[in-house]
Structure formats: C-alpha cells, structure tokens
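Take a look at the structure set out below.
2 protein chains.
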Amino acid sequence: MKIDPQSSADLSAQIAQAIRDAIISGQLIVDERLPSESELAEQFNVSRPTVREALKRLAAQSLIRTQRGATGGAFVNRLSFEGAYSQQVTTSTLLLSMNAVSFDTACEARYALERACASLSAQRRTADQLATMRAEIFRQAQPGLTDEAFCASDVAFHRALVDGAGNPVLSYQLASAVEAMQPLMNMITFTARSREEIIALHANIANALEARDAEKVDAALVQLESYTRQLAQDVAQKKRKPA
Amino acid sequence: MKIDPQSSADLSAQIAQAIRDAIISGQLIVDERLPSESELAEQFNVSRPTVREALKRLAAQSLIRTQRGATGGAFVNRLSFEGAYSQQVTTSTLLLSMNAVSFDTACEARYALERACASLSAQRRTADQLATMRAEIFRQAQPGLTDEAFCASDVAFHRALVDGAGNPVLSYQLASAVEAMQPLMNMITFTARSREEIIALHANIANALEARDAEKVDAALVQLESYTRQLAQDVAQKKRKPA
DNA sequence: AAATTTTTATTTGTCTGACATTTAAAAGTC
DNA sequence: GACTTTTAAATGTCAGACAAATAAAAATTT
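So the protein sequences, as listed, match chains V and U. Count the first sequence with my numbering and you get residues 751 to 993, in order. Count the second sequence with my numbering and you get residues 751 to 993, in order.
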C-alpha cells in the first residue's frame, strides 16, 4: 500500500484509494483489522487527522467499521446485501430526482426489471411470500389509507414479488429500483377508483403466482405498467391545465 | 439541519447524515455552496476536523465536491450516471466476491436483467450500437487474445446491447451487473472451441437485433446463459478432479 | 485608460499536540 | 475463585497553527 507524493489529489483520498484497492484485491480480508490510526499515519507519512479522513471515506462506503476501546480499530466489513441495498436506494433516488429522469423512463426500467424476475418468481415463490402479497393487497383495500401508506404497501408488495425469485442479487438490484421510484409515485394522487384498479391487478398477479403461471404474471405486470403510466400522465395533464 | 447531542453515534456521522438529508430533501440544491468548514463547525458546535470528517464522508459518496481557494468550498454534486455507475460496480463486485454468491446465482441475475432490456433494444437500437457489437465480435475472433481481453470485449458487447434499450436507468442498473461479473468470468478459461461457440451466439444476437426480432434475441440470450453456466461447471469440475 | 502585476483575503488541506471516552485485559483484592 | 480496580490502547474530539490555492481587489506600469 503506497501513495504517490507527486499526485495533486488529496492525501486522504489517495490513502482511502490505496486501502480500498487492498480490500478489493483481497490483500485485506473480511474482519481483518487495519493498523491503528497512528500506525497508518506513520506508514503513509501523514498526520493522524489525514488518516482519519481517509478512514471516514471508507466508512461512508461501508467498506470498514470502527470500534473504540483497547482491542478496537478499523475492521474490513463484510459487505451485506442489506447495506449495499440501502446505499443503492439513496443513490438511485438522488439520480432520479437530480437528473430529471422522466417518469416514463423510470417506470419502463422498473417494470422491465420486474418482469425479468416474474417468471422465476412464478417457479419459486414460497407460500410465505404469497401470503405477504395477499396481506399487502388487503392493506391497500383499507379505506382511509393515505397516498403515502398506499405507496409504501405497494413497494412492499412488489418487494415480495421480487424476493420470490429467490435470487439475492436480483432482489438487491430490483428492490432498489422499485424503492427509488417511491418519491415519484408519492406525487400521484390515487383516487378510490384508481386504487381499485391497482388492487385488482395486484390480485391478478397474486393469483397467477399462486397458480405458478408465469405468462399471466407477465401480462398483469404489463397492464399494471401501462395503467401506472396512464395515471402519471393524467396527473401531469391536470397540473398543466388545472380545472 | 440539526444533530442530536444525545446520540451515541459519531458526530461526524451525524453531521454527514444531516447534510445528506438536506440534499435528498432538496433543501440544498445542485451546485449550491455549503457554508465554509469554519461556519459549519460553529453551526453544529463542533470543531473543524469533525466537520471535515463529515464532509469527506459525503465526498466519498460523490454527494459533494470541494474546491480550494477564495471562492472555494464544498458544493452539492449533480449525481451523474457515470459516477453512480462506477460506484455501483465497486459495490457489486465486492458483494459477489465477499458473499460467496454462486456463479449460477450471479449468472441467472445477469441474464434475467439482460433479457429484460433485449426486447426494448430490438425496437430501439441504433446503427451505431449495432456497429459496436459487430466490432466487438470481430475483436473476439482475433487469435492470440488473452482471456482477460476476451472478457473485456464481452463486457463491451453486452454493454452496447444494454445501451440499445435507450433507457439510462436500465443501462445504469444493468451495466453494473454485467461488469461486476467480470472477475468471475475471468476465472474461466476460454478454449478456442468455446470462444467459437460464444462468438457464434453473439453473432446470432447481433443478427436478431439487426432484424429487430426480439424473440430471437431472447432465444440467443437463453442459449448464451446456459452455455456460460455449462462452461463454469466444467471449470469447477476440473478444479475438483484435475486431470 | 488599459493592461499587467502585486497584494490581500478567504478557503481548503495538513500538521502538532492534547484531552476525553470507550473497552478489554491485567493486576489487585476479598 | 470471583469480584473489583487499575491500566493501557484505541478511537473520538478539540484547539490552534501554518501551507497552498485561488479569485478578487489594489497597485503599478505601459
């Protein structure tokens, strides 16, 4: 692990990169303890605050964790799906909100991905996952539900659908896409009529999954996508030309 | 932007979270300048090193950038697809290498996602993207190509296929999945025979895209997936029982 | 007056040294 | 032997300083 004293980049960034490379290349393995901050400072020939800034950078990426105390220090993290997932949600959400990605584009991506695991889900979904979906459908039908709560339940429903594929990599990638869209979905007002429609489509999906009928799941998802886009369009139109 | 003095979490982590929340919620907008480090230190009632650690955390997530000098400071970054993408590749690569995700699981996820944009790509791919694919196929046929170079070209080919869908969100999500698998793919030795086979399948895909035939693209991808998994299995078997 | 150079102020980057806090192990005590 | 106290090591935080970069302001020259 060396740094280039000629480089114009921040020392803390260089040190972080050096350690990051060591982790990625396997020189540092999971749960291994890094040298103490003072030792690292000596190794890299910098001061402790500089080392600390580097370590905080790595901590922000969940590459390391720190513990205080006698046997404390910085340890290489085992990257968990959960951790990576929540980080991914933050990033995706910001991407959507900052880059003026159109609702249609986001929607298209989401459903394209979701349909990708629908057929796997039809094969593998467990009874538990099906029950979760049914429970969420039931919740969605409750009167007096706020739009936010309705959307949250919608996310949970689709999350269960995705998890049904039984592939953690897919769950990780997809769940973040679904969740990142939630702020956009929250901007849609769901009338009683549109909720009914969505719930019916959700029920179709659940029924098709119960029957392990991949084609019907796919068809229902296609319908749900086009209906969602229709709703968004109506909302956009009303905004332009308020009654 | 406030922090909880009762909390046991690091001050720098709390401050980073407070600023992060402000960015996500839109209180701080793109290219807006944060208060100077000294001002932030005063606001949060902490020292400057602590503020700096917080800012480094945000910089590690590309949420902010810093500039030195008179009009310098920390500015809110516009999250770019490229930046998010490279970060995502790092995370996904580590996830695959650290969590003993089986090759089959990763492969299944990758092709499920890839097939998801194949039909879009068949509709929308540009002549340029098709030409890129053809060029990569040509490169793959060159004798004397190392396995690493072959894999890199493979990534480029699939990247072009994904980009053909014309949906930046899909490109972003998918390209990272494809690229994250590269280290795993690099462990496979591609014999002349297997390269031939893969190149033929790539050609099938390109032809089908040229004809804008979504079904044929899908079929070729299914074949490619099963062939890739077959290859990986052979490699694993040879490792267990070396000739 | 215009162009160039110098100065100056501001801001981040880095260093030094100190103290607080947490934690586990070692030492001491009952 | 079980419990308590001490100690040492590590991270967390602070204060103050200087270095380096940078742009604006001021001064100088043409």
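Backbone N, C-alpha and C define an ideal beta-carbon position, used for all residues, glycine too. The structure displayed is predicted, hence computed values, not measured ones.
So residue i is in the beta strand (DSSP E); what residue range does that whole segment cover?
| i | result |
| --- | --- |
| residue 815 of chain U | 814-817 |
Smallest Cα separation from residue i: which of the options?
| i | options | result |
| --- | --- | --- |
| residue 826 of chain U | U:886, U:935, U:771, U:781 | U:781 |
| residue 831 of chain U | U:816, U:963, U:762, U:925 | U:925 |
| residue 915 of chain U | U:864, U:789, U:983, U:771 | U:864 |
| residue 869 of chain U | U:764, U:969, U:760, U:765 | U:969 |
| residue 938 of chain U | U:890, U:777, U:901 | U:901 |
| residue 894 of chain V | V:940, V:835, V:834 | V:940 |
| residue 873 of chain V | V:987, V:963, V:950 | V:963 |
| residue 877 of chain U | U:960, U:981, U:767, U:986 | U:960 |
| residue 813 of chain V | U:787, U:828, U:841 | U:841 |
| residue 953 of chain U | U:899, U:904, U:918 | U:904 |
| residue 982 of chain V | V:852, V:892, V:884 | V:852 |
| residue 833 of chain V | U:823, U:888, U:845, U:824 | U:845 |
| residue 951 of chain V | V:971, V:936, V:934 | V:971 |
| residue 886 of chain U | U:862, U:908, U:861, U:794 | U:908 |
| residue 911 of chain V | V:881, V:933, V:898, V:822 | V:881 |
| residue 862 of chain U | V:923, V:890, V:891 | V:923 |
| residue 790 of chain V | V:753, V:758, V:776, V:821 | V:753 |
| residue 859 of chain U | V:934, V:921, V:847, V:795 | V:921 |
| residue 1041 of chain U | U:871, U:783, U:821, U:794 | Shown here, chain U extends from 751 to 993; a query on residue 1041 of chain U therefore has no answer. |
| residue 761 of chain U | U:987, U:793, U:899 | U:793 |
| residue 899 of chain V | V:823, V:935, V:756, V:795 | V:935 |
| residue 897 of chain U | U:875, U:932, U:879 | U:932 |
| residue 763 of chain U | V:763, V:849, V:811, V:989 | V:811 |
| residue 879 of chain U | U:824, U:776, U:913 | U:913 |
| residue 796 of chain U | U:821, U:823, U:755, U:824 | U:755 |
| residue 949 of chain U | U:778, U:892, U:988 | U:892 |
| residue 888 of chain V | V:906, V:875, V:779 | V:906 |
Starting from residue i, trace the alpha helix (DSSP H) both ways and give me its first and last residue.
| i | result |
| --- | --- |
| residue 933 of chain U | 932-936 |
| residue 855 of chain V | 853-874 |
| residue 904 of chain U | 897-913 |
| residue 939 of chain U | Here residue 939 of chain U belongs to no alpha helix (DSSP H), and DSSP marks it neither H nor E. |
| residue 751 of chain V | Segment: none, residue 751 of chain V is in no alpha helix (DSSP H) and carries neither H nor E. |
| residue 775 of chain U | 761-775 |
| residue 983 of chain V | 964-990 |
| residue 880 of chain U | 877-890 |
If residue i and residue j are in contact, beta carbons under 8 Å, what's the gap, nearest whole angstrom?
| i | j | result |
| --- | --- | --- |
| residue 857 of chain V | residue 975 of chain V | 6 Å |
| residue 997 of chain V | residue 769 of chain V | With chain V running from 751 to 993 in the structure shown, residue 997 of chain V is simply not present. |
| residue 855 of chain U | residue 918 of chain V | 7 Å |
| residue 809 of chain V | residue 816 of chain V | 7 Å |
| residue 985 of chain U | residue 929 of chain U | About 20 Å; that fails the 8 Å criterion. |
| residue 818 of chain U | residue 806 of chain V | In fact, because the Cβ distance is near 19 Å, the residues do not count as touching under 8 Å. |
| residue 772 of chain V | residue 751 of chain V | 5 Å |
| residue 956 of chain V | residue 966 of chain V | Contact doesn't hold; Cβ gap of about 11 Å is too wide. |
| residue 802 of chain V | residue 788 of chain V | Not really, about 11 Å apart at Cβ, beyond 8 Å. |
| residue 943 of chain V | residue 890 of chain V | With 8 Å as the limit, residue 943 of chain V and residue 890 of chain V do not qualify as a contact, their Cβ atoms being about 14 Å apart. |
| residue 823 of chain V | residue 786 of chain V | 6 Å |
Item to check | Any beta strand (DSSP E) of 3 or more consecutive residues that is wholly inside the stretch 784-842 of chain V | outcome: 814-817, 823-826
Checklist entry - According to a CB-to-CB cut-off of less than 9 Å, which residues of the stretch 809-822 of chain V neighbour chain U? => result 809, 810, 811, 812, 813, 816
Item to check | Residues in the stretch 867-879 of chain U having any Cβ partner in chain V nearer than 9 Å | outcome: 867, 869, 870
Next on the checklist: Taking beta-carbon pairs under 8 Å, can you tell me which members of the stretch 910-921 of chain V lie near chain U?
Outcome noted: 915, 917, 918, 919, 920
Next on the checklist: So if I threshold CB-CB distances at 8 Å, which residues from the stretch 955-972 of chain U count as touching chain V?
Outcome noted: none
Next on the checklist: Please identify, using Cβ separations under 7 Å, the residues of the stretch 769-794 of chain V that lie next to chain U, in order along the chain.
Outcome noted: 774, 780
Checklist entry - Taking Cβ-Cβ distances below 7 Å as the criterion, which residues of the stretch 796-808 of chain U are in contact with chain V? => result 799, 802, 803, 806, 807
Checklist entry - Which of the residues in the stretch 924-955 of chain U, read from start to end, lie with their CB under 7 Å from any CB of chain V? => result 927
Item to check | Positions along the stretch 835-858 of chain U whose CB lies within less than 9 Å of some CB in chain V | outcome: 837, 838, 840, 841, 842, 843, 844, 845, 846, 847, 848, 849, 851, 855, 856, 858
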